[in-house]
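Enquirer:
In my numbering, the protein residues as written are 506 to 673.
1) Residue 539 to residue 533, Cα distance in whole Å?
2) With 16 as the cutoff for other CB atoms within 10 Å, does residue 550 come out buried or exposed?
3) Counting Cβ pairs closer than 8 angstroms, one from the stretch 614–632 and one from the stretch 652–661, do we hit at least three?
4) How should residue 630 be labelled, buried or exposed, when 16 other C-beta atoms within 10 angstroms of its C-beta is the threshold for buried?
5) Give the range of the beta strand (DSSP E) segment to which residue 576 is assigned.
6) Identify which residue in 609, 587, 558, 636 has its Cα closest to the Cα of residue 623.
7) Determine, using beta carbons only, whether residue 667 and residue 628 come nearer to each other than 7 angstroms.
8) DSSP puts residue 593 in a beta bridge; with which residues?
9) Return the chain-ordered ranges of every alpha helix (DSSP H) run that is complete within the stretch 582–635 and spans a minimum of 4 residues.
10) Return the residue from the list 558, 548, 602 that minimises the CA-CA distance to residue 670.
11) Using the C-alpha atoms, what's the distance from residue 613 back to residue 633?
12) Taking the straight line between their C-alpha atoms, what separation do you get for residue 561 and residue 547?
13) Between residue 597 and residue 663, what straight-line distance do the alpha-carbon atoms span, to the nearest angstrom?
14) With residue 674 as the anchor, note down where its alpha helix (DSSP H) starts and where it stops.
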């Protein structure tokens with residue numbers, strides 16, 4: 506690749522004078538520096554080619570778009586109940602709907618002694634609500650004012666049962 510022309514066309518006699526020995530030592534030093542520089546250049550070009558290959562592989566992998574979200578259902582103890590890929594037409598069963606409704610009601614109606622917990626409960630409730638539902642929650646919060654009751658009243662909510670009122 507980057508080679509210098511050889512100036513010796515046969516066996517070079519051993520240096521006999523101090524000047525010849527100094528010239529040979531100088532050539533050895535410069536020659537070893539050139540070899541080192543050549544090796545470093547090869548390493549740099551090899552690293553550049555390797556980085557280009559990795560960049561190409563990364564772009565190719567990112568354009569494939571094969572990310573599949575999975576849903577893992579767990580019970581109260583954290584044991585896995587069901588594992589399946591997420592689908593757009595997922596319909597939760599009655600037990601899942603009942604659990605989420607009970608949590609929502611407990612979050613909205615409970616008044617713990619800690620105002621931070623009240624805020625967290627209301628933020629969780631707003632996460633489940635649509636824009637129209639958020640307006641209804643705002644109206645309920647203004648009429649009942651749960652933050653004013655913190656420190657004066659404590660309310661613990663226990664939902665005993667959730668019954669389906671309509672088929673949908």
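All residues carry an ideal CB built from backbone N, CA and C; glycine is no exception.
Expert: Reading off the structure:
1) 10 angstroms
2) exposed
3) yes
4) buried
5) 575–579
6) 609
7) no
8) The partner list for residue 593 (beta bridge, DSSP) is empty, contrary to what the question assumes.
9) 599–614, 620–633
10) 602
11) 11 angstroms
12) 21 angstroms
13) 23 angstroms
14) This structure does not reach residue 674, given that the chain is present from 506 up to 673, and the question cannot be answered.
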